[in-house]
Every structure is written in structure tokens, then in C-alpha cells.
Amino acid sequence: MTQAGTEWWRTAVVYQVYPRSFADADGDGIGDLPGLTARLPHLAALGVDALWLTPFYPSPLADGGYDVADYRDVDPRLGTLADADALIAAAHAAGLRLIIDIVPNHTSDRHAWFVEALAAAPGSRPRQRYHFRDGTGPDGAEPPSDWVSHFGGSAWERLPDGQWYLHLFAREQPDLNWDDDEVREAFEGTLRFWADRGVDGFRIDVAHALVKDMTEPLRSQTTLDTALPLDGSDPLYDRDGLHEIYRSWRRVFDAYDPPRMAVAETWTPTSFRNYLYARPDELGQVFDFALSKAPWDRDTVADVIRTSLADQFEYAGTEGGLTWVLSSHDVPRHASRLALPAGVDPMAWVTSGDTDPTIDRAAGLRRARAATLLMLAMPGSAYLYQGEELGLFEVADLPAEVLQDPIWERTGHALKGRDGCRVPLPWSRTGPSLGFGAAAGWLPQPPAFADLSVEAQDGVEGSTLELYRAALRLRRTLQTHDNEVTTVAHPDPQVLHLRRSNGWECAVNFGTTPTALPAGEVLLASAPLDGALPGESAVWSRTTGISASD
Numbered sequence: 131m132t133q134a135g136t137e138w139w140r141t142a143v144v145y146q147v148y149p150r151s152f153a154d155a156d157g158d159g160i161g162d163l164p165g166l167t168a169r170l171p172h173l174a175a176l177g178v179d180a181l182w183l184t185p186f187y188p189s190p191l192a193d194g195g196y197d198v199a200d201y202r203d204v205d206p207r208l209g210t211l212a213d214a215d216a217l218i219a220a221a222h223a224a225g226l227r228l229i230i231d232i233v234p235n236h237t238s239d240r241h242a243w244f245v246e247a248l249a250a251a252p253g254s255r256p257r258q259r260y261h262f263r264d265g266t267g268p269d270g271a272e273p274p275s276d277w278v279s280h281f282g283g284s285a286w287e288r289l290p291d292g293q294w295y296l297h298l299f300a301r302e303q304p305d306l307n308w309d310d311d312e313v314r315e316a317f318e319g320t321l322r323f324w325a326d327r328g329v330d331g332f333r334i335d336v337a338h339a340l341v342k343d344m345t346e347p348l349r350s351q352t353t354l355d356t357a358l359p360l361d362g363s364d365p366l367y368d369r370d371g372l373h374e375i376y377r378s379w380r381r382v383f384d385a386y387d388p389p390r391m392a393v394a395e396t397w398t399p400t401s402f403r404n405y406l407y408a409r410p411d412e413l414g415q416v417f418d419f420a421l422s423k424a425p426w427d428r429d430t431v432a433d434v435i436r437t438s439l440a441d442q443f444e445y446a447g448t449e450g451g452l453t454w455v456l457s458s459h460d461v462p463r464h465a466s467r468l469a470l471p472a473g474v475d476p477m478a479w480v481t482s483g484d485t486d487p488t489i490d491r492a493a494g495l496r497r498a499r500a501a502t503l504l505m506l507a508m509p510g511s512a513y514l515y516q517g518e519e520l521g522l523f524e525v526a527d528l529p530a531e532v533l534q535d536p537i538w539e540r541t542g543h544a545l546k547g548r549d550g551c552r553v554p555l556p557w558s559r560t561g562p563s564l565g566f567g568a569a570a571g572w573l574p575q576p577p578a579f580a581d582l583s584v585e586a587q588d589g590v591e592g593s594t595l596e597l598y599r600a601a602l603r604l605r606r607t608l609q610t611h612d613n614e615v616t617t618v619a620h621p622d623p624q625v626l627h628l629r630r631s632n633g634w635e636c637a638v639n640f641g642t643t644p645t646a647l648p649a650g651e652v653l654l655a656s657a658p659l660d661g662a663l664p665g666e667s668a669v670w671s672r673t674t675g676i677s678a679s680d
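For this note's numbering, add 130 to where a residue sits in the sequence shown, where the first one is 1.
This is the structure:
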């Protein structure tokens, strides 16, 4: 059972909400806070412990809301501050905690600070909050460095006055200068602003990128955080100076009763350094994305689990928070990704429009259901992404004219981006947006979503929705507060069989043929059992003498 008080987040199941695609209350085709509030009973019945909301702040939407124009308000298309207060109160009344996104690496180019900086002269105080530099070459027409954006192209944009500003993401997202005291003070104030309103925690976007080595001449960038050095020496990512910032944030969080939780997003290659952010005097928890990157392969998944457990214990200690993730708003849904052949890049597959290769959706769903039971059986907390409880697949065939992810334009249409996992949720079998709202949603839903809707699955034995509900009910009684996981021998080399300290077991058959069931009492299975564990399926069982956790 989830721990109470200050420790609730250590074993929590957190449900990620992408507000623009969750529920639309006012019929404009965009999900909003009142729509989410009205749908809280679904999440309470699902059995999650907390919600994590991606940004709902005022934004020009150059990057799905991660280009923030005002950190202490609500985008008018999504509601008002009063709506945010109502959501917080309703979530707490339903027994749900609320985590919100904080985006500290960059602002929108419409943020008041950047507007002021553009109107100011080079070298002026307003420009010190960002990274402005003169160009290189005889006339300064070349960027200050070779740094590239995550969304494609140069990470530098030139202004009419000749100076360049840094943006590691879209050009509309200028990077903040975290050597500036005013920047640090403002973000601590923002954390207090939302904590004072009752928010229970914060997800820190791009937590590994705030501190940069801007010593001139600027060093060459060769990795784009895909093969970072393990000593904190990269000029842009995972620098040691970050940890002083997060220790100061921990002091802010601990001033509240109960202390606010936090989780770092770092898209660095999973290494021991990731868990430094999860130390108890810093953020306390960090996303481990290794499972969301792993293919459907028994030995790879076993190694991911073993490595994550070992690194968490060694570098964050027993007080650091373990996390597990299979899907999010940044990656193709695992009901599709896990069906891809080995070696196929998921983002390249999305760009192909589900034609190279054409995946077997039934196999993808079988694997996704099994992977979910495995993830939920692990120690620590699990982060779910909206719609995975319905078995939604990646919408890889969105037409080019509806795409809104900046990756599409910044890569010269080489990559479609992340819109395929952000399609609005289906709540009913019929209607202009399958119950999402009174009008068509901002991205089109495929017809197949109708049979995956909440209405179509509610109360249906064996449905993915009912599997999630059953799993989360059981997990509350089975989850322990230790990180002990033992591998159990199984005669089939395609089976990964794991046991927790209280005798709770999870066995996953990564093969395609039925195999022997583990001994003991069967608690839950991802597919019907007929005396054997089917291929591409998982089962929870318990050995004699298991008891519920305290």
C-alpha cells in the first residue's frame, strides 16, 4: 500500500495527464482543466495515487506548452487560476495528489523577460537572464558554436542587432541563464506559488540541462546528450553545478508540511549519474527511462531491471526514489513500440506512417499488457501515461497537415515528432470526438479508437481497462517498501520470473508459445490461462505465506 504522509511518492502509481488531449469541457477541441476535473472519477476508480499534469500555463504552443509565457497563471484556453484551485481541491477530495510540470531550462520567447531582453541593448541587464552571444566569423554571421537543437538545426538564433541567443529546443524557447541570481530566485518563488495553492509535487523538465559552461571560446558539442561523459564535463548537460540548485529547491520543498515531492526528467543515457538527482537532499526521485527504451527481449529487460536497482541503491541510497516508465508524451506508445522488430527506431517508424514495417497491433497489445504487469510488480513508483489503460496504440499515420510538434518543421520533415501519442482520448464509442468533447479534437482520432474507449471497455471482463483496475487494486495490498527483487529459475529461457521479498511473483513469457506456469496461487494474468502461461503474457502469483504489506 502507498505510504502515507511524507513517503507517499515512494510506492505511488502516478498517472500522467496531457491536459490538451484528456477532456474538453467547453467544446473548442482542446482539453482543459474543467474537463479534467469532471473526469477525476475515472482516475479514482482506476486506482492511481496521483496525477502529473504537463504544462497548462499560458503558452504560444510552439512546443505543446513547454514554451511557457507565464509560470504563475493558466492558459485561457485551458481555464483560469480558479479552475486550477478547483482541480486541486477536487483531486484531494478524491484521494488523489497532484504533481505539476516546472520548465526551468527555457521560457517562451513571449515571456516578459525575453520580450524585455529583445528590446534592450547587447550587454544590458535584461539580456543577462538568457544566453546572448556575439557571432563568429569576420562579420559575426556564424553562430557562436556548433551546438545543435534537439528539434534539429542550430541551437542559436540571430537577432537583427547581430547577437545570437541560445535555444536547445525550438527557437521560440530561449534558454535561461542559471548563473543569474534573479532567475534562481524567481523559480523558487514559482515553486512556492504552486505549493501554497496545494500542489503536492513537481516534475522538473530537462532537469539535467540548466547549468552550462559558457566560457568562451565555447567548446564543441558532439554528443547532443546521447553519449555523455560520466564525469560531469559536458558543456551543456549533467554538470555538477546542477546539484547545488536542487539542494536549494529541497530546502523550499521541506519548508512545507508535508514536504513537497519532486522528480527529475533527464533524457541522458541511463547511467549511475541519473540517480544523483534522486538523492534525498535533492529532488528525491528521477525518471529512469531505460524500460521505455528496451525492446521486447527477455535478457535486455532483465538487465535493465538489474542495473536500475543496483544504480539506484548505490548512488541515491535507500532513500532515493525508484521509478518505472513504459510510455509518455515524448515517445511512441508501448502498445505499438513493443511490436516493432528489433533494430527499428520508433521515431523513424512513426515517420513512415505505420507502413515500414506494418506492425501487428494484437501482438503489440499482448506485449504491452504483459509489460505493464511487470512494471507494476517492481519496487518503487510507476508512472502511467493517459490512455495506456485503454491499450491505445500510436497514431503513426497522422497526415502532415495536422502535425504540430516542432520536430516536424525543425527536421525539414525528416521526423514526424510526438503528435501520434498525443491524440485526444476516446471516452465513448460515438460522437465527433468519441466523448473527448462536443467538437472534433485538435488532432484527429482514428476510427479504431471507438472500440478502445472507456465506454467500450468499462465492466468488460478481460478488457485492458479492467486489467489495469485489477492490477492497481492488487498492487495496493502487495507492494512492499523494500527494493529486493530475486530472479527465479524457470525451465523456459524466454521467461523472466521475479520474486519480491513477501513472495509476490511476476513471470513474463517473452516467447510466442505457452510454457509452464509458476507454482503457487495465481493472482492476475494479462491473458487467459489454460494450465499454462501463454506466449507474450504475464502472470502474478504468490508463494505460500505471503501477507499484505503494512
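We put the CB at the ideal spot given by N, CA and C, even for glycine. As the structure is a computational prediction, the values presented were derived from the model and not from experiment.
- Taking the Cβ atoms as the reference, D364 lies roughly 18 Å from Y405, outside the contact range of under 8 Å.
- Distance check between L191 and each of G157, H222 and D239 places D239 closest, using alpha-carbon atoms only.
- In chain order, V143, W454, M505 and L506 place their CB closer than 6 Å to the CB of A512, counting only its own chain and leaving out the 5 sequence neighbours on each side.
- Spatial neighbours of P623 in its own chain (CB-CB distance under 8 Å, excluding positions within 5 residues in sequence) are listed in chain order as R428.
- For S667, same chain residues with a beta-carbon under 8 Å away, outside a window of 5 residues either side, are R496, R499, A500, V638, N639, A655, S656 and A657 in chain order.
- In its chain, beyond the 5 residues on either side, V278 and H280 have a beta carbon closer than 8 Å to the beta carbon of L354.
- In this structure, DSSP gives R603 a helical state, which the three-state scheme calls helix.
- Between L564 and G517 the beta-carbon gap is near 12 Å, outside 8 Å, which marks them as no contact.
- Assignment of L520 by DSSP, reduced to helix, strand and coil, places it in the helix class.
- For V532 against P576, the beta-carbon gap comes to about 12 Å, at or over 8 Å, which does not count as contact.
- Judged by DSSP secondary structure, S671 falls outside any alpha helix (DSSP H) and instead within the beta strand (DSSP E) spanning S667 to R672.
- The count of Cβ pairs closer than 8 Å, one atom from the segment 454-469 and one from the segment 486-493, reaches three, so the stretches are in contact.
- D162 is not a Cβ neighbour of L228, given a cutoff of 7 Å.
- With a contact defined as Cβ atoms closer than 8 Å, V416 and A424 miss out at about 17 Å.
- Straight through space, the alpha carbons of R333 and G571 are spaced by roughly 26 Å.
- According to DSSP, V416 shares a beta bridge with A394.
- Rounded to whole angstroms, the separation of the alpha carbons of V341 and P252 is 22 Å.
- The C-beta separation of L181 from L226 comes to about 6 Å, placing the pair in contact by the 8 Å criterion.
- Shown here, N613 sits in coil according to DSSP, grouped into three states, outside any helix or strand.
- Bridge partners of D364 according to DSSP: none are assigned.
- The segment 279-298 and the segment 244-262 touch, with three or more beta-carbon pairs separated by less than 8 Å.
- Just measuring C-alpha positions, the residue of V233, T396 and L456 sitting nearest P185 is V233.
- F262 is bridged by DSSP to Y295.
- Per DSSP, Y376 is one residue of the alpha helix (DSSP H) stretching across L372 to F383.
- Pairing H172 with F323, the inter-Cα distance amounts to about 28 Å.
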